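Okay, so the sequence shown: first residue is 3 according to my numbering, each after it adds one.
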Amino acid sequence: MGDKQSEPPPPVKRYRREEKSSESEEDIDNYEPYVPVRERKKQQLMKLGRLGQVAAEVSAETKSSSDNDPDDDTSQEEWGRRYNVSLLDQHSELKRLAEARALSAAERQAREEQHILESVAQSKALMGVAELAKGIQYEEPIKTSWKPPRCILELPPERHDRVRDQLRILVEGEDVPPPIRTFQHMKFPKGILRGLEEKGIKKPTPIQVQGIPAVLMGRDMIGIAFTGSGKTLVFTLPLLLVCLEQEIKMPFIRNEGPYGLIICPSRELAKQTHEIIQHFVKHLKMTGMPEIRSCLAIGGVAVSECMEVVQRGVHVMVATPGRLMDMLDKKMVRLNVCRYLCMDEADRMIDMGFEEDVRTIFSYFTGQRQTLLFSATMPRKIQNFARSALVKPVTVNVGRAGAASLNVRQELEPVKAEARTVHLLQCLQKTPPPVLVFAERKQDVDAIHEYLLLKGLDFANIQHVINYDMPEDIENYVHRIGRTGRAGGEGVATTLLGRAAESSVLKDLAHLLREAGQKVPSFLLDMIGEPDVPAPDGQGCSYCGGLGHRITECPKLEAVQNKQASNIGRRDYLANTAADY
Ligand code: AMP
Numbered sequence: 003m004g005d006k007q008s009e010p011p012p013p014v015k016r017y018r019r020e021e022k023s024s025e026s027e028e029d030i031d032n033y034e035p036y037v038p039v040r041e042r043k044k045q046q047l048m049k050l051g052r053l054g055q056v057a058a059e060v061s062a063e064t065k066s067s068s069d070n071d072p073d074d075d076t077s078q079e080e081w082g083r084r085y086n087v088s089l090l091d092q093h094s095e096l097k098r099l100a101e102a103r104a105l106s107a108a109e110r111q112a113r114e115e116q117h118i119l120e121s122v123a124q125s126k127a128l129m130g131v132a133e134l135a136k137g138i139q140y141e142e143p144i145k146t147s148w149k150p151p152r153c154i155l156e157l158p159p160e161r162h163d164r165v166r167d168q169l170r171i172l173v174e175g176e177d178v179p180p181p182i183r184t185f186q187h188m189k190f191p192k193g194i195l196r197g198l199e200e201k202g203i204k205k206p207t208p209i210q211v212q213g214i215p216a217v218l219m220g221r222d223m224i225g226i227a228f229t230g231s232g233k234t235l236v237f238t239l240p241l242l243l244v245c246l247e248q249e250i251k252m253p254f255i256r257n258e259g260p261y262g263l264i265i266c267p268s269r270e271l272a273k274q275t276h277e278i279i280q281h282f283v284k285h286l287k288m289t290g291m292p293e294i295r296s297c298l299a300i301g302g303v304a305v306s307e308c309m310e311v312v313q314r315g316v317h318v319m320v321a322t323p324g325r326l327m328d329m330l331d332k333k334m335v336r337l338n339v340c341r342y343l344c345m346d347e348a349d350r351m352i353d354m355g356f357e358e359d360v361r362t363i364f365s366y367f368t369g370q371r372q373t374l375l376f377s378a379t380m381p382r383k384i385q386n387f388a389r390s391a392l393v394k395p396v397t398v399n400v401g402r403a404g405a406a407s408l409n410v411r412q413e414l415e416p417v418k419a420e421a422r423t424v425h426l427l428q429c430l431q432k433t434p435p436p437v438l439v440f441a442e443r444k445q446d447v448d449a450i451h452e453y454l455l456l457k458g459l460d461f462a463n464i465q466h467v468i469n470y471d472m473p474e475d476i477e478n479y480v481h482r483i484g485r486t487g488r489a490g491g492e493g494v495a496t497t498l499l500g501r502a503a504e505s506s507v508l509k510d511l512a513h514l515l516r517e518a519g520q521k522v523p524s525f526l527l528d529m530i531g532e533p534d535v536p537a538p539d540g541q542g543c544s545y546c547g548g549l550g551h552r553i554t555e556c557p558k559l560e561a562v563q564n565k566q567a568s569n570i571g572r573r574d575y576l577a578n579t580a581a582d583y
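In structure tokens:
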């Protein structure tokens, strides 16, 4: 360098050197930037071999900024460049710092998922206005007079665990009541036992074995059971028992009640539940028990019909949220003596947009109630929602939440969209009627309507469900196919799979088949572009329960959020238009 400076190079070379910026490099080499005292002190410490200590100081200084952004390690790079330490030392030190601070990919994903989940979880508590205003929190479950028979109480806890293991019942919660394997040991009155007999019901299903004793003891409960598992009896039979007890103690007077409220997301479900109650009420009456009155508060049934019962004093009300809200709002009915609340198919209720209605309904309660929540699928957002309203709940799970019934043979058939209606006719030959056909779009339902007699949601013994198309999310698929294979019977579900199905739901489907021990057809693997169904990544999606994707890619969550976003816009628009008038 010194030689070059003493012997100036020819102009052309200078030009070339200028082009390569070698002159400026030289300038930079010679340039000594101002180093603040604090930095110089650090440099000295570095030279004295206190690299680790300084690094820790630097790390502490930059901690808050990098905490906000774990990907940001530019501060460390600057730190490395600033000090006159060998590259090897700098490299290994930076590597150590980066490793210590950066979250592993899995941790990061878990954190991100947790974050998403928290943002969609229900944070507002489900409480009555009086409870909120007075800050009342119920700590202990409601007390009932029912106790398990002594022969069950005397059994050791290991025996109860064994029964749960045998029946694949998973329980969570404090002091879970013992499972009971016969209706007689549940101490039901003769009328109920006769009603069960008439329906050909001999012994309790797993959800009943564990769920009925829990409800009879007054416990709040989250029941996770596939459709057709017999969950309706878990919340109706104990309710009838407490209503009888109340009626015997002090007969219901005019306009009193309801004592028990059952909320369902659809009219059909409410009707079915009401019919089941009526069946047992009839049998109880036949054995000389007092009359238990129940009414149906749903759209499509005249309000006057329901009010007739309410005016006589009503024990049980089965309702859909809309009609119930309307009646509460008009003060036609009150929940001041209501002590038993059941939400059936709670996940559907939330999916169908009844969340705010449910909150409003809760606000009409004036005292502690026993709260039960039932659902075939139970994504964590609903569990959070439930926990805010339940007191020391017992969770009874008889199958992975969101899993398909093992009683259904799932058959998939690749069919082009235009060939589906013709193919449907072939599918209909698989089993004797009735067959239930689902389709996503109303116009498809209209188009195939002529082939079918849609008499209602719950035909007895449906042997075959046909999905004219694949539903947009796997929860819907599970609900649809759950209409067959009920009460231990075998069922068939045929799904016509065309190109229109989203790959995310197809992956969920492949996992669901594998989980149910069924063959995943090769055309499905081709459609999802995987040679085999990979093991599920953890528990799958914590929002919708699909095993083929994580919450970060959940199509259902995305759809819900899009819908909410568009509703916000619409609400604003409507509010503005209303304000304009
Ligand atoms: P659910 O899951 O409550 O909709 O019940 C589905 C069907 O199972 C209904 O038709 C019930 O009558 C029937 N069922 C309920 N409990 C039992 C039982 N313990 N044994 C046999 N069938 C039952």
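By construction, the Cβ of each residue, glycine as well, lies at the ideal position given by its N, Cα and C atoms.
Since we're looking at a predicted model, the values are computed, not measured.
First and last residue of the uninterrupted beta strand (DSSP E) at residue i
i	result
His-466	466 to 469
Met-223	223 to 226
Leu-414	410 to 416
Ile-265	262 to 265
Leu-374	372 to 377
Ala-449	Note, Ala-449: premise wrong, no beta strand (DSSP E); alpha helix (DSSP H) at 444 to 450.
Ser-88	First-last for Ser-88: undefined, no H or E at that position.
Cys-297	296 to 299
Ala-495	493 to 499
Leu-172	172 to 174
Val-396	396 to 399
Assigned exposure category for residue i - 16 Cβ within 10 Å defines buried
i	result
Ile-294	buried
Met-288	exposed
Arg-422	buried
Ser-26	Interpretation of Ser-26 is limited by its pLDDT of 47, a score under 50 that renders its predicted location unreliable; no figure is taken from the coordinates.
Asp-177	exposed
Glu-258	buried
Ala-272	buried
Asn-338	exposed
Ile-250	exposed
Lys-509	buried
Ala-378	buried
Lys-233	buried
Lys-457	Low confidence applies to Lys-457: its pLDDT is 39, below 50, so where it sits in the model is not reliable, and the reading given next is rough at best. With fewer than 16 Cβ atoms within 10 Å of its Cβ, Lys-457 is classed as exposed.
Cα-Cα separation between residue i and residue j, rounded to whole angstroms
i	j	result
Ala-100	Gln-111	18 Å
Glu-517	Val-400	15 Å
Gly-302	Glu-442	24 Å
Asp-222	Ile-264	14 Å
Glu-347	Leu-375	8 Å
Ile-224	Pro-435	35 Å
Cys-429	Thr-397	39 Å
Ser-94	Glu-41	21 Å
Gln-563	Thr-554	13 Å
Gln-124	Gly-542	Legend: pLDDT at Gln-124 = 49, less than 50; position of this residue unreliable, no value from coordinates given.
Asp-353	Asp-359	12 Å
Gly-493	Lys-432	11 Å
Gly-137	Ser-365	13 Å
Glu-115	Ser-390	21 Å
Pro-181	Pro-206	10 Å
Glu-524	Leu-414	Position check: residue 524 holds Ser in this sequence, whereas Glu was assumed. Going by the C-alpha atoms only, they are around 11 Å apart.
His-481	Asp-349	11 Å
Under 8 Å between C-beta atoms of residue i and residue j
i	j	result
Ile-279	Val-318	yes
Ile-468	Val-439	yes
Leu-286	Leu-235	no
Met-351	Pro-267	yes
Pro-395	Ile-363	no
Cys-340	Arg-371	yes
Ile-171	Pro-215	no
Thr-497	Met-472	yes
Gly-197	His-281	yes
Ile-194	Leu-157	no
Thr-275	Thr-238	yes
Thr-486	Val-410	yes
Endpoints, the alpha helix (DSSP H) within which residue i is located
i	result
Asn-478	476 to 483
Thr-229	Taken as a continuous stretch (DSSP letters only), Thr-229 belongs to no alpha helix (DSSP H), as it is neither H nor E.
Ser-506	505 to 517
Leu-155	152 to 155
Phe-364	357 to 364
Cβ-heavy atom distance, residue i to ligand 2, below 7 Å
i	result
Thr-184	For ligand 2, the structure offers nothing, since it holds only ligand 1.
> Which runs of the beta strand (DSSP E) spanning at least 3 residues fall entirely within the stretch 305 to 354, listed in chain order?
Replying inline: Given a length threshold of 3 residues, each whole run of the beta strand (DSSP E) inside the stretch 305 to 354 is given here in chain order: 318 to 321, 342 to 345.
>> As an exercise, report each continuous alpha helix (DSSP H) stretch of at least 4 residues that is fully enclosed by the stretch 179 to 223, in chain order.
In response: Unbroken alpha helix (DSSP H) stretches of 4 residues or longer found wholly inside the stretch 179 to 223: 192 to 200, 208 to 218, given in chain order.
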